[in-house]
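Engineer: Chains as they are written, first to last, in our numbering: chain L, 8 to 684; chain R, 4 to 233. A virtual CB, placed ideally from N, CA and C, is assigned to each residue, including glycine. Only a predicted model underlies this, so the values are computations on that prediction, with no experimental measurement involved. I'd like to ask some things about the structure below.
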């Protein structure tokens, strides 16, 4: 099956080449996206077959390319097969969606060459079996996605995002390069089999863990390394945003799991603590950022930050359990993390595609200028609602299943013996609960403001339903959200080789109806049966609907609401811009901004009212300060500027000075070597 | 036969001792170069330096029975001991600068620094190559000393011609190290030699161009041209 993925990657590369050569012809777009959909479907089928029926790790493939004595090694392990499913399901739906969505896109030829290449690079990262290939394709993934971010480079914001993204991606790759360098040891054994066999010392292992946390965390969007993510993800076209947010961040999670769980062996107890705390902070800060944000795509990008935090909480728990040899508990936490990664890829793709449909039909990303879209785009609205329910972690959809499993793992924390962990895990659990609740609040805001109410701009009132291909892509994802939510056991069993190969343990299975009921630890402790919950919800909702229809008033009275004397946005013109009297997104978020924002973001609201009797408008100015930027990046920028100023002198020396510097360096190095040689 | 003759004169291991003596002579000539304060004298010492190198390489060829090394020796003698010094003399005459050397660092200080460098290279080799044979280790140490002295020559002088001389003596040190190490491929030596020749041509052309522009070949004039020295 590894060779199937290789052929798929080759096919994508050829599609990219075709897109580069013939991208300007009108037929190229549906051809490239359609073919990319078929290839992705084949690749995800191969990954599922490998994971369900094949032996993991699969057969190794060595291509006689790349470094001498090393070649290019590829192998599909259980872990990589699981992430291949995540990648290729996302790629397939995004490609299908793009067949229709790309029609309205300006300058599609800038996207066509890089979109298939980006998917190919992610696939190759996942099946790479030596550090050289891994880093090459990792960098290819970064660069091709960078090209997609700056696809609309005439946009100032896209260019700025591209620069920030490139800097963060390069420093992340540098960290991974150093990590692999340490793992390869003095003999330079770069193939993964040798790296697995070698067990680095405890200090080397700790440094590698921190480097991997930095390298993978900067790609995944861990706070405080997330700053590029909410800039870069929304700047790309929507189907690319979906891939970057839903899939590429998961490739980063894969890198972290691969290095820390697969290569490093037994962790020290404090590794889990660091990862847990970073994950907890990321989850809460991510959702708070999202609540403050009213740009639809940026909000979704911040939610990616939050969900990455949730996934890293699971990984941190797994590390903590593993350090104390509680392998079954570790397997539960790791399975929850991987399951949540899968679920997040489903609903985040769905939501980004939905926001792309809204963007394409209204030209608006600002929620304050949307509204009432459920009536105009009913199917998109319904699909977006499914995604919102899933990401909010409400039963019976998939987001609940994985977050519930994660909570079960957190409830096992009394088994840990280290006191710091005993204290940290419940507080991280509280942060997780807070993040889940705020996330639900956030999606009430998103769905309520965007799809309910009345239109807040002429563009929103003129919106129409999106095309069939786009809907097909979204329907596929929504169906998967529902199916996975109703039968989580199926997916957990499918992903069982991941925990079995990494930890040597798996979740208890073996009940006759294991795919219906999730039993994380033991039946006496807790179990989750989504179908019965679904039946309960359906019965309750149906009952309520019947009661309402039976006893509710049937008289519908339509009347213009009183709008304080302002014109309604539907009949607003350019001369008199619409003044909304509806509930606004910032109004919805204000209580939360008061409670959390004033502490975290130093948020200040300033209201200027007109004088009594005056007819001028009142103004509300709310100012936020990004704490991460203030604490981490602003000082860093000052430092870099200062160092650059000092180093600038080096550019204006005489030739003899340069020679002298070379000479002195050589002598100093020789003096250094002399006593330690 | 010659090896046995030498051995009979200098005692056992005499052949290696002679090689060692030739390497030492190379370092000595490097010191002589540091001491010179006239351009034509510097060039003459460079010719002597290359001639000693030629002898050393030829002796290595003899005791290692590596006929390829004779080619290296011939190149050293032909190019670096005769042709390049002649050409440099011609340049100096044409530029009419054979009078003086402008030393950036005083001669005495340079000599002291040179001694320090020789000591440093001996100490480095003593530590890094503790397990290899004494004479081989000393050979590499002397070659390293020659390289460092060449670099010192380059930074201790302002005049471009003496910087070339320093560069060529540095190169001689490299070739000495390469000849001492058994089994260096001929291709590498040839390419190194040709790179030297090309560097010489480029620098020679460059000198005349500088001269045409600035009426001097003091390399600080270049810095003035860059607008950094007022």
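Over what stretch of residues does the alpha helix (DSSP H) that includes residue 113 of chain R continue unbroken?
Structural biologist: Element bounds for residue 113 of chain R: 110-131.
Engineer: From R:154, R:131, R:48, R:97, pick the residue whose C-alpha is nearest to that of residue 113 of chain R; which is it?
Structural biologist: The candidate whose alpha carbon is nearest that of residue 113 of chain R is R:154.
Engineer: Quick one: what does DSSP say residue 106 of chain R is sitting in, helix, strand or coil?
Structural biologist: Residue 106 of chain R: strand per DSSP, three-state reduction.
Engineer: So, for residue 56 of chain L: in the same chain, excluding its five sequence neighbours on each side, which residues have a beta-carbon less than 7 Å away from its beta-carbon?
Structural biologist: Cβ within range, chain order: 8.
Engineer: Terminal residues of the continuous beta strand (DSSP E) containing residue 563 of chain L?
Structural biologist: Per DSSP, residue 563 of chain L belongs to no beta strand (DSSP E) and is neither H nor E.
Engineer: Which whole-angstrom value is the C-beta distance of residue 726 of chain L and residue 256 of chain L, which I expect to be below 8 Å?
Structural biologist: Since the displayed chain L opens at 8 and closes at 684, residue 726 of chain L lies outside it and no answer follows.
Engineer: Anyone know if the C-beta pair for residue 408 of chain L and residue 492 of chain L falls short of 8 Å?
Structural biologist: Against a cut-off of 8 Å, the Cβ pair of residue 492 of chain L and residue 408 of chain L comes out as a contact.
Engineer: Using beta-carbon positions only, say whether residue 88 of chain R and residue 49 of chain R come within less than 8 Å of one another.
Structural biologist: Result yes, Cβ atoms of residue 88 of chain R and residue 49 of chain R sit closer than 8 Å.
Engineer: By DSSP, does residue 135 of chain L sit in helix, in strand, or in coil?
Structural biologist: Strand.
Engineer: Along the region 171-195 of chain L, where does the CB come closer than 8 Å to a CB of chain R? Name the residues.
Structural biologist: Residues passing the 8 Å Cβ filter: none.
Engineer: For residue 134 of chain R, would you say it is in contact with chain L, using Cβ-to-Cβ distances shorter than 8 Å as the test?
Structural biologist: No, residue 134 of chain R lies away from the interface with chain L (no Cβ there is under 8 Å from its Cβ).
Engineer: Just list the beta strand (DSSP E) runs in the region 591-635 of chain L, keeping only unbroken ones of 3 residues or longer that don't cross its boundaries, in chain order.
Structural biologist: Listed in chain order, the complete beta strand (DSSP E) runs (minimum 3 residues) inside the region 591-635 of chain L are 611-615, 626-630.
Engineer: For residue 216 of chain L, report the span of its alpha helix (DSSP H) as first-last.
Structural biologist: First-last of the alpha helix (DSSP H) with residue 216 of chain L: 209-227.
Engineer: Which runs of the alpha helix (DSSP H), 4 residues or longer, sit entirely within the region 63-140 of chain L?
Structural biologist: As far as the region 63-140 of chain L is concerned, its whole alpha helix (DSSP H) runs of at least 4 residues are 85-108, 121-134.
Engineer: On the three-state DSSP scale, how would you describe residue 41 of chain R?
Structural biologist: In this structure, residue 41 of chain R counts as coil in the three-state DSSP scheme.
Engineer: Taking 8 Å as the CB-CB cut-off, is residue 657 of chain L touching chain R?
Structural biologist: So no, residue 657 of chain L is outside the interface.
Engineer: Within a Cβ cutoff of 7 Å, which residues of the same chain sit near residue 157 of chain L, ignoring the five residues on either side of it in sequence?
Structural biologist: Same-chain partners within the cutoff: 165, 166, 169.
Engineer: Return helix, strand or coil for residue 500 of chain L, following the three-state DSSP convention.
Structural biologist: Helix.
Engineer: Where do the ends of the alpha helix (DSSP H) carrying residue 314 of chain L lie?
Structural biologist: From DSSP, the alpha helix (DSSP H) with residue 314 of chain L extends over 303-330.
Engineer: Rounded to whole angstroms, what's the CA-CA distance from residue 482 of chain L to residue 381 of chain L? Just pull it up for me.
Structural biologist: One C-alpha to the other measures close to 16 Å.
Engineer: Count the CB pairs spanning the region 279-293 of chain L and the region 427-442 of chain L that are closer than 8 Å, and state whether there are at least three.
Structural biologist: Yes, the region 279-293 of chain L is in contact with the region 427-442 of chain L.
Engineer: Taking C-beta pairs closer than 8 Å, name the residues in chain R that residue 674 of chain L reaches, listed in chain order.
Structural biologist: Near residue 674 of chain L (Cβ distances below 8 Å), the residues of chain R are 120, 123, 151.
Engineer: Answer yes or no: does any C-beta atom of chain L fall closer than 8 Å to that of residue 52 of chain R?
Structural biologist: False, the Cβ-Cβ gap to chain L never drops below 8 Å.
Engineer: Thinking C-alpha only, which one of R:206, R:178, R:202 is nearest residue 77 of chain R?
Structural biologist: The option with the nearest alpha carbon to residue 77 of chain R is R:178.
Engineer: CB-CB under 6 Å to residue 1 of chain L, same chain, minus the five flanking residues each way: which ones, in chain order?
Structural biologist: This structure does not reach residue 1 of chain L, given that chain L is present from 8 up to 684, and the question cannot be answered.
Engineer: Return the CA-CA distance between residue 22 of chain R and residue 38 of chain R, expressed in angstroms with no decimal places.
Structural biologist: The straight-line gap from Cα to Cα measures roughly 25 Å.
Engineer: Can you find the residues in the same chain that come closer than 7 Å, C-beta to C-beta, to residue 670 of chain L, ignoring five residues on each side of it along the sequence?
Structural biologist: Answer for residue 670 of chain L: no residue qualifies.
Engineer: For residue 83 of chain R, which option in R:180, R:133, R:56 has the closest C-alpha, if you only look at C-alpha atoms?
Structural biologist: The candidate whose alpha carbon is nearest that of residue 83 of chain R is R:56.
Engineer: Would you list the residues sitting across from residue 535 of chain L in a DSSP beta bridge?
Structural biologist: Per DSSP, L:525.
Engineer: Taking contact to mean 3 or more Cβ pairs, one atom from each stretch, closer than 8 Å, check whether the region 77-84 of chain L and the region 129-138 of chain L are in contact.
Structural biologist: Touching, yes.
Engineer: Does the beta carbon of residue 278 of chain L sit closer than 8 Å to a beta carbon anywhere in chain R?
Structural biologist: It does not: the Cβ of residue 278 of chain L has no partner Cβ on chain R nearer than 8 Å.
Engineer: For a contact meaning CB atoms closer than 8 Å, what does residue 161 of chain R contact in chain B?
Structural biologist: This model lacks chain B altogether; the protein chains it does include are L and R.
Engineer: Quick check on DSSP: helix, strand or coil for residue 34 of chain L?
Structural biologist: Reduced to three states, the DSSP call for residue 34 of chain L is coil.
Engineer: Using DSSP's beta-bridge definition, name the partner residues of residue 652 of chain L.
Structural biologist: DSSP output for residue 652 of chain L lists no bridge partner at all.
Engineer: Could you tell me which chain L residues have their CB closer than 7 Å to the CB of residue 92 of chain R, listed as they occur along the chain?
Structural biologist: Correct list: empty, because the minimum Cβ distance to chain L is about 24 Å.
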